[in-house]
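In my numbering, the protein residues as written are 269 to 581. Step one of this worksheet: look at the structure below.
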């Protein structure tokens, strides 16, 4: 996937700007605060429909304005043109237009512009909070597998509803059991896809880390789930049993304590936890290898090279 043209209107510090790109590598340089990261952010927004820096779309609007618009023109490996416009206004919310047609569901677009971003906050992937690693998996798999994104959206919707039941005054076991089945159905699909992806990522990272570091260190990534399967159990069966085992604790805490939303990744080097024993240089090399593995995974799944963005690394 190649980005040919980018236009920004009232996006962050830019009132209006247009950029054109040819083939190959492009380097954006300038003084601090010149808006270099904002350009990468705009490209990311076009691909993922959300920012990697701002939690709310309204924070992307230039000061004293009421809306922003980002327009990208892409070319696929087959030579097809993809024109995408993402706009957000305080009054009308967010809208996505692809090749002149209004996109009713963003989930049906994500993955059409595969993208990998490496920015300074990613250096916490190997040593930061679990939610950062879960988000890494979600962004990767949402771009490579549209069914994963469907199950993730439905799982999160079900999780909110289930937690509301757990927080209610009356313990409605029948209603909770109904939400259990929805949670299990979507959660098992998420877990299956995560396990498969992590196994592939681990193999790729091991090779890439060795090439980047020129060392013989054995790097491994494994999935650390909150659901432990007994011998012969399927994922849905294990999920259902685990929910029943945690029932009393969940009523007491008013929240769902197990599932994909509580899982994590383990990084080890020579069978030792990376978080405890790796140097800062080793952490950085590992994260770069992880991002390059993400690139390879998307390239394999989408049958085209993703756009690769490096920010101040």
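For every residue, glycine included, the Cβ atom is placed at its ideal position computed from N, Cα and C. Note that this is a predicted model, so its numbers are computed, not measured.
(1) Between which two residues does the alpha helix (DSSP H) carrying residue 477 extend?
(2) I'd like to confirm something about residue 356: is its beta-carbon nearer than 7 Å to some heavy atom of the ligand PLP, or not?
(3) Among 288, 279, 382 and 581, which residue has its Cα nearest to the Cα of residue 334?
(4) Check the DSSP bridge columns for residue 284 and list the partner residues they point to.
(5) Under 8 Å between the Cβ atoms of residue 271 and residue 297?
(6) For residue 405 versus residue 579, is the C-beta distance shorter than 8 Å?
(7) What number of angstroms, rounded off, separates the C-alpha of residue 508 from the C-alpha of residue 455?
(8) Taking the DSSP output, what are the residues bridged to residue 500?
(9) On the CB-based measure, 16 or more other CB atoms within 10 Å of its CB, does residue 496 come out buried or exposed?
(10) Buried or exposed for residue 528, please, with buried defined as at least 16 other CB atoms from any protein chain shown within 10 angstroms of its CB.
(11) Quick one: what does DSSP say residue 371 is sitting in, helix, strand or coil?
(12) Look at the Cβ atom of residue 357, then the Cβ atom of residue 378, and state whether they are nearer than 8 Å.
(13) Taking just the CA atoms, how far does residue 407 sit from residue 328?
Per the coordinate set shown:
(1) 441-481
(2) For the ligand PLP, the structure offers nothing, since it holds no ligand at all.
(3) 279
(4) 277
(5) no
(6) no
(7) 11 Å
(8) None, per the DSSP bridge assignment.
(9) exposed
(10) buried
(11) coil
(12) no
(13) 20 Å
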